[in-house]
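If you count the sequence shown from 1, position 3 lands on 4 in the numbering used here, and the numbers rise without skipping.
The C-beta atom is built at its ideal place from N, Cα and C for all residues, glycine as well.
Accompanying notes for the structure given below.
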Amino acid sequence: MAVLSTKVILQCNIQKAWDIITSVEKYTWRSDLSKTERLNERQFIEYTKDGYATTFTITKAITCKRWEFDMENGNMTGHWSGEFIEEGKQVELNITEEVKAKKFFMKPFVKLYLKKQQTLFIDDLKKALLQE
2 MAVLSTKVIL QCNIQKAWDI ITSVEKYTWR SDLSKTERLN ERQFIEYTKD GYATTFTITK
62 AITCKRWEFD MENGNMTGHW SGEFIEEGKQ VELNITEEVK AKKFFMKPFV KLYLKKQQTL
122 FIDDLKKALL QE
């Protein structure tokens, strides 16, 4: 299993960061997604630009504090957690992602994939905050 943790400081208030990150239906700030689909209160699907689907099941949601979910697609299973810490007029976001490849030949590439995805997520998030 690959684990990657990242800390980022966001120049916004905590409610704004929370609203953008946790709003499943308002996904257009994410450059890697073509659409999302809400299944129920706890589950949703994200589709990449190529149409590849990943199912997410929310396991913890403490408003403006912590958001966690399990994720699964044909290539991997994993868990994502985000901790939100207000520091004056900015937010510290601590992301930890744990992913296990389902296919043996993919295992050596999981950590690189995680790094790429987290970097893209953070870059997209910072751009979205500038536009708000």
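Query	Result
Do T60 and E73 count as a contact pair if the criterion is CB distance below 8 Å?	no
The beta strand (DSSP E) spanning L94 covers which residue range?	Q91 to A102
Go through its chain and collect everything with a Cβ distance to T58's Cβ below 7 Å, but skip five positions before and after it.	R43, Q44, F70 and D71
Considering only residues of the same chain and omitting the five flanking positions on each side of K50, which have a CB-CB separation below 8 Å?	D33, L34 and S35
When the distance is taken between beta carbons, is A3 closer than 8 Å to V100?	yes
Assign V111 to one of three DSSP states: helix, strand, or coil.	helix
Expressed to the nearest angstrom, what Euclidean distance is found between the alpha-carbon atoms of F106 and M77?	12 Å
CA-CA distance, R39 and A54?	12 Å
Can you tell me which of the three DSSP states K36 falls into?	strand
For A129 and W30, which I take to be in contact (beta-carbon distance under 8 Å), what is that distance rounded to the nearest angstrom?	4 Å
In whole angstroms, what is the alpha-carbon distance linking L11 and N95?	11 Å
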